[in-house]
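From first to last, the protein sequence lines stand for chains H, D and F.
In this text, residue positions in the first sequence follow our numbering: the first is 1, and each later residue adds one.
In this text, residue positions in the second sequence follow our numbering: the first is 365, and each later residue adds one.
In this text, residue positions in the third sequence follow our numbering: the first is 660, and each later residue adds one.
Don't be surprised by glycine CBs; every beta carbon is placed ideally from N, CA and C.
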Amino acid sequence: MTLIEPLPEPILEPLADIGGPAQPLLDVKNLTKHFPVGGGFLAEKKTVRAVDDVSFSIAKGETVGIVGESGCGKSTTARLLMHLMPRNAGEILFDGETVGGTLGMRDFRRGMQMVFQDSYASLNPRLTIEDSIAFGPKVHGIADRDARALARELMDKVGLRPEVFANRYPHEVSGGQRQRVNIARALALKPRLVILDEAVSALDKSVEAQVLNLLTDLKREFGLTYLFISHDLNVVRYISDRVLVMYLGQVVELGPVDEVWDGPAHPYTRALLAAMPALDPDQRTQEPPITGDPPNPIDPPAGCRFHTRCSFFEPVCAEVCPALSPVAGGAHSAACHMVIPGSGHSRAPQSLAPKAGDIAGATP
Amino acid sequence: MSATSDAALQAAPVQKARGYWATVGRRFSRDKVSMVCAAVLLAIVLAAIFAPWLGLADPYQGSMIRRLRHIGTPGYLLGTDELGRDMLSRLIYGGRLSLLIGILPVVLAFGIGTSLGLLAGYLGGAVNTIIMRTIDVFYAFPSVLLAIAISGVLGAGVVNSIVSLTVVFVPQITRVAESVTTSVRNLDFVDAARASGAGAITIMRVHMLGNVLGPIFVYATGLISVSMILASGLSFLGLGTKPPEPEWGLMLNTLRTAIYVNPGVAALPGVMIFAVSICFNMLSDGLRSAMDIRN
Amino acid sequence: MNAPLVDIRDLTIRFTGERTVYAVNGVSLSLGEGEVLGLLGESGSGKSVTMRALMRLLPKKRTVISGSVAVAGQDVLAMDDATLSAFRGRTVSMIFQEPALALDPVYTIGQQIAESVKRHEGASHATATARALEMLELVRIPSAKRRLDAYPHEMSGGMRQRAMIALALACKPKILLADEPTTALDATVQIQILLLLRELQREMGMSVIFVTHDIGVAIEICDKVAVMYAGQIVETGTLGDIVRTPRHPYPQGLLASTVHGARRGARLQTIPGTPPSLDQAPAACSFAPRCAHAQQRCTERLPPDVELAPGRTVRCVLAENPVPAS
Chain H
1 MTLIEPLPEP ILEPLADIGG PAQPLLDVKN LTKHFPVGGG FLAEKKTVRA VDDVSFSIAK
61 GETVGIVGES GCGKSTTARL LMHLMPRNAG EILFDGETVG GTLGMRDFRR GMQMVFQDSY
121 ASLNPRLTIE DSIAFGPKVH GIADRDARAL ARELMDKVGL RPEVFANRYP HEVSGGQRQR
181 VNIARALALK PRLVILDEAV SALDKSVEAQ VLNLLTDLKR EFGLTYLFIS HDLNVVRYIS
241 DRVLVMYLGQ VVELGPVDEV WDGPAHPYTR ALLAAMPALD PDQRTQEPPI TGDPPNPIDP
301 PAGCRFHTRC SFFEPVCAEV CPALSPVAGG AHSAACHMVI PGSGHSRAPQ SLAPKAGDIA
361 GATP
Chain D
365 MSATSDAALQ AAPVQKARGY WATVGRRFSR DKVSMVCAAV LLAIVLAAIF APWLGLADPY
425 QGSMIRRLRH IGTPGYLLGT DELGRDMLSR LIYGGRLSLL IGILPVVLAF GIGTSLGLLA
485 GYLGGAVNTI IMRTIDVFYA FPSVLLAIAI SGVLGAGVVN SIVSLTVVFV PQITRVAESV
545 TTSVRNLDFV DAARASGAGA ITIMRVHMLG NVLGPIFVYA TGLISVSMIL ASGLSFLGLG
605 TKPPEPEWGL MLNTLRTAIY VNPGVAALPG VMIFAVSICF NMLSDGLRSA MDIRN
Chain F
660 MNAPLVDIRD LTIRFTGERT VYAVNGVSLS LGEGEVLGLL GESGSGKSVT MRALMRLLPK
720 KRTVISGSVA VAGQDVLAMD DATLSAFRGR TVSMIFQEPA LALDPVYTIG QQIAESVKRH
780 EGASHATATA RALEMLELVR IPSAKRRLDA YPHEMSGGMR QRAMIALALA CKPKILLADE
840 PTTALDATVQ IQILLLLREL QREMGMSVIF VTHDIGVAIE ICDKVAVMYA GQIVETGTLG
900 DIVRTPRHPY PQGLLASTVH GARRGARLQT IPGTPPSLDQ APAACSFAPR CAHAQQRCTE
960 RLPPDVELAP GRTVRCVLAE NPVPAS
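As structure tokens, this is what we get:
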């Protein structure tokens, strides 16, 4: 029996744009998450300041990258934004609305989705690929049959032939293919914002390029906004419009990707950029940009958290925590006493018009 | 052929793939040791169920003149017990009670323990604390002692034995279920399911159950042998079945006086308990490796 | 001209078991004294397996090895257990991706290094402990004296990796095998470890085989590079050869698909498809299904191993043409 039916009607409509183009899709204010650790019987209670007073926004259609090393709080930020864990403080506005305010949790879930780093752990090993993708729509009341049709359509969109892959289990496909499944699953609810948490980091280089191209295509086709979290600066530079550099739970630099790359204002950003292996055999790195490991996020240093590894350390750095301050105009800002006029650091700009060259020139 | 139009493809009925359990079944059936054990168990179970139709001697009918015949005596294939009752018949009839007391408590505890463990593991927090600390109280007592104590309070009898053994196994299964659930709960796919807006019940049903059931099932299978031995122990102490009911543990008890006269016959109920226990243990091992389909 | 320090000839490794995996298929490799060779490949390319064969670390029961592996004139595959344990650590030493797993959690760093020195050199306890301290200082562990008594879990990832390097180099091996030692580290720590290894290699004059999937890492440390794909070496050459003028389509594609320097929004060049499953011994070019230049003969028989210059080989029919493919 062959039934030829017309394509199903679009069943899950993307959430409507409420605030208009000027309203950021995501507005994060003073996001904070502290985990208590230890504190057993007689043991001293300590706090991991995983995310500390993080504020940023993402415009509609933009791709914002978050870079930083392990323990900098980038993955915790992702989970907080997804409302997968409670936050200690802060506000998350999705298109101007807060969850629990005018925006219901179920609608919010549809609006924001996430792709995880570990492609295997993020798929239920007992479900077929089709079942995994169709699960979300079914939760939102789509009939089984329509959800499956949607799943197959999305598999096609992410470059997996449904007739080959629909009934396979996660362990039967390669890492790159699994990550495509995860992307399809995230898209199944027609989200407006997709958080990609190290989504390409575990993939082989040749597969990584394929998935990055796919992400670019999907963004255009579905009008998506991305928050792209990665430790790989090359990838972040390639895909992001703006970038956020995090260190021990705080944003240390924020700005358009080219401005940050061409004139990094925070010493940590400079170190990160200098630590990238060169792709030219004649220009090998000669000196490590910074020494030591990132400190433990348990009870981080007071003042500027980077001061223990910074070569421009001055007493003020250990006392006062620098706020994010504009570097050159409004678009690019950094949390460093060297860019804050009158901060007390000897390299701080004297006037209110700092010259980025001063600081960049100070690098060895 | 494969170049069907999109519309046709979407209208086509979804083919069900060979599921996880089918794959496990296929791998399991290739395991020779497990298959032999399964066959032995099946034979014992079938014999016990169909015992009245097997043309066996009356298991209750004794005779003072043919007591403690040796194994292989014509007419008494496995000899006779201390009251002259046919051992073959009593062993087969005995399987009915012994298997019931061995398996039923584990089945009951599996249901209760899995539910408790799933709740504790998935919901965490206060629910976890209440369930797990209560469980810990039971852990303070050795399981044999606990079974004896409960049976002692409830009094002898088959039903009471089953109840007391269930109580003994619930904490053990709950603890395993909780730890398996906790480890699965921390996997990203559960977060992905939460991120899609699914409620706790849906997530437990669709995403957790299928992933935790396997390991708990394997553990529970292993408990059947323990249950058989504990049940026999209870009967041996007179807290389980009462004579003249044939039951392996009880038979072992009553035959112990004959151990110097006819050690072969006296050992037979023990051999049965041992055989069934080891078969269940082997099956549980086979199941464990069959379920690890990534190898 | 001496014989090379490491000489692998036609090494083939097959894992048996429920599934057969042809992990390494006819790898030939040589390494001279004081050279740093990068073994570059994606996951499943056989690079780590080749390394482990050099130290005979593969499970005996499930592995079928053929070919020859000679290190410093000794036949590694023919060694008995006693020779092997003297050989490991003394002639060849290895560092791994996860120092947390490679170090013993119940002994302090100092004890582990001293133990190795005592076992291999028969040194006294005092000498061995002195050597341990010297090694920790050599790998630039701050306040080394105090760190001697530290357990692995008390150290950060970068420090643990330094400690593992100290342990590996304690008996001054001729060859150091490094299996993705910086992959699990943060960027700012990775570069420190790479520079440290580069410096130690120069100071101690040892040879290094460095396994990595990251071409950037290879560029920072290697003199020569062998690119592996599906259990075979598809191209060898100096670092400059491989990075600037790769001749095999696989390294060409790999280099072209790097994100580094790609313009935002521009499409990345990719290698289509995925690596082959290794359940059969290769009978044709393994890369042919993904290759833009594949010809009929590529799918019919094994490609030739073309030697362009000493130490520069390409396993591809294209290399037979005199015209460079790029």
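Buried or exposed for residue i, going by 16 or more other Cβ atoms inside 10 Å?
i	result
residue 434(D)	exposed
residue 429(D)	exposed
residue 816(F)	buried
residue 191(H)	buried
residue 422(D)	exposed
residue 617(D)	buried
residue 376(H)	There is no way to answer for residue 376(H), as the model of chain H reaches only from 1 to 364.
residue 337(H)	buried
residue 322(H)	buried
residue 760(F)	exposed
residue 962(F)	buried
residue 13(H)	exposed
residue 851(F)	buried
residue 441(D)	exposed
residue 575(D)	buried
Would you say residue i reaches chain D, if we count a Cβ-Cβ gap shorter than 7 Å as a contact?
i	result
residue 118(H)	yes
residue 114(H)	yes
residue 334(H)	no
For a cutoff of 7 Å on Cβ pairs, would you count residue i as touching chain H?
i	result
residue 892(F)	no
residue 775(F)	no
residue 870(F)	no
residue 851(F)	yes
residue 959(F)	no
residue 916(F)	yes
residue 842(F)	no
Who are the near neighbours of residue i in its chain, counting only those whose CB is closer than 8 Å to its CB and skipping five residues on each side?
i	result
residue 643(D)	401, 402, 404, 405
residue 738(F)	715, 746
residue 776(F)	782, 786, 787, 790, 791, 829, 830
residue 800(F)	806, 818, 821, 822, 825
residue 30(H)	53, 54, 55, 89, 90, 91
Grab me the residues of residue i's own chain with a C-beta within less than 7 Å of its C-beta, minus the 5 sequence neighbours each way, in chain order.
i	result
residue 605(D)	461, 522, 599, 611, 614
residue 27(H)	57, 93
residue 879(F)	853
Which same chain residues, not among the five before or five after residue i, have their C-beta less than 6 Å away from its C-beta?
i	result
residue 476(D)	534
residue 349(H)	341
residue 339(H)	265, 325, 327, 354
residue 897(F)	883
residue 912(F)	930
Closest Cβ-Cβ distance between residue i and chain F: below 7 Å?
i	result
residue 215(H)	no
residue 212(H)	yes
residue 288(H)	yes
residue 238(H)	yes
residue 144(H)	no
Compute the minimum distance between the beta carbon of residue i and the heavy atoms of the ligand FAD, and state whether it is under 6 Å.
i	result
residue 562(D)	In the structure shown, the ligand FAD is absent, as is every other ligand, since no ligand is present at all.
How would you list, in chain order, the residues of chain B whose beta-carbon sits under 7 Å from the beta-carbon of residue i?
i	result
residue 281(H)	Of the protein chains in the structure, H, D and F, none is chain B.
Assess contact between the region 403-414 of chain D and the region 639-649 of chain D, defined as three or more Cβ pairs (one per stretch) separated by less than 8 Å. Is contact present?
yes
Count the CB pairs spanning the region 572-581 of chain D and the region 474-489 of chain D that are closer than 8 Å, and state whether there are at least three.
yes
Looking at C-beta atoms only, is the number of pairs between the region 220-228 of chain H and the region 60-78 of chain H that lie closer than 8 Å three or more?
Yes, they touch.
Should the region 817-834 of chain F be regarded as contacting the region 858-867 of chain F, the criterion being three or more beta carbon pairs within less than 8 Å?
Yes, the region 817-834 of chain F touches the region 858-867 of chain F.
Would you list, in sequence order, the uninterrupted beta strand (DSSP E) runs of no fewer than 3 residues that lie entirely inside the region 209-245 of chain H?
225-230
With a threshold of 8 Å, are at least 3 pairs of Cβ atoms found where one atom belongs to the region 434-453 of chain D and the other to the region 507-523 of chain D?
no
The region 882-891 of chain F touching the region 200-214 of chain H, judged by at least three CB pairs closer than 8 Å:
These segments do not touch.
Enumerate, from N- to C-terminal direction, the unbroken beta strand (DSSP E) stretches of 3 or more residues contained entirely within the region 46-113 of chain H.
63-67, 89-94
Within the region 891-949 of chain F, ranges of the beta strand (DSSP E) (whole runs, at least 3 residues):
891-897
Report the residue ranges of all alpha helix (DSSP H) runs contained in full by the region 694-761 of chain F; include only those spanning at least 4 residues, in chain order.
For secondary structure counted as the alpha helix (DSSP H) over 4 or more consecutive residues, the region 694-761 of chain F holds these complete runs in sequence order: 706-713, 740-749, 758-761.
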